[in-house]
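Before any comments, here is the structure.
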Amino acid sequence: MPLGGVLFITVFIALFGAFLLWFAAKVGAKPTYRDPVKFEPYECGIPSVEKKDTKINVKFYLTAILFILFDIEIIFMYPWATTFRDSIATGNGAFVFGSMLIFLAIFIFGLFWEIKSKALEWD
């Protein structure tokens, strides 16, 4: 019964985790002095001034997301390049090369779409 083993492990992990949290709360060190300065954010020695209407430009998020997308696509190309000779030796070279061409076509289409939609322009 593999399901019984999975259920046993799940219950065991949940109970053991709860026990560890309880044990750490009982045995662990308790803070004795709570200075309010300690709970303030600190950045380069400049006192922070909190504004309620702070708006972060969406372009920062868009740039980060696009970087991650294109970075992951490049990372997918590395294993293909390292195993391509083995694929040729086994007779699957044309299929693997064709699939990489399709992948590159999608990659290049995405790059041109990004440039055409002016996603990285900061005007």
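Start counting the sequence shown at -8; every next residue gets the next number (my numbering).
Backbone N, C-alpha and C fix where the C-beta goes; we use that ideal spot for every residue, glycine too.
Collapsed DSSP secondary structure at residue i in the structure displayed
i, result
"E64", "helix"
"W104", "helix"
"W13", "helix"
"L111", "coil"
"G8", "helix"
"T23", "coil"
"I97", "helix"
"I47", "coil"
"G82", "coil"
Inter-residue Cα distance where the pair is residue i and residue j
i, j, result
"A9", "G19", "15 angstroms"
"V87", "L95", "12 angstroms"
Residue i Cβ short of 7 angstroms to the ligand COA heavy atom set
i, result
"L92", "You won't find the ligand COA in this model; it holds no ligand whatsoever."
Okay, do the region 47 to 56 and the region 100 to 109 touch, 3+ Cβ pairs below 8 angstroms being the bar? no
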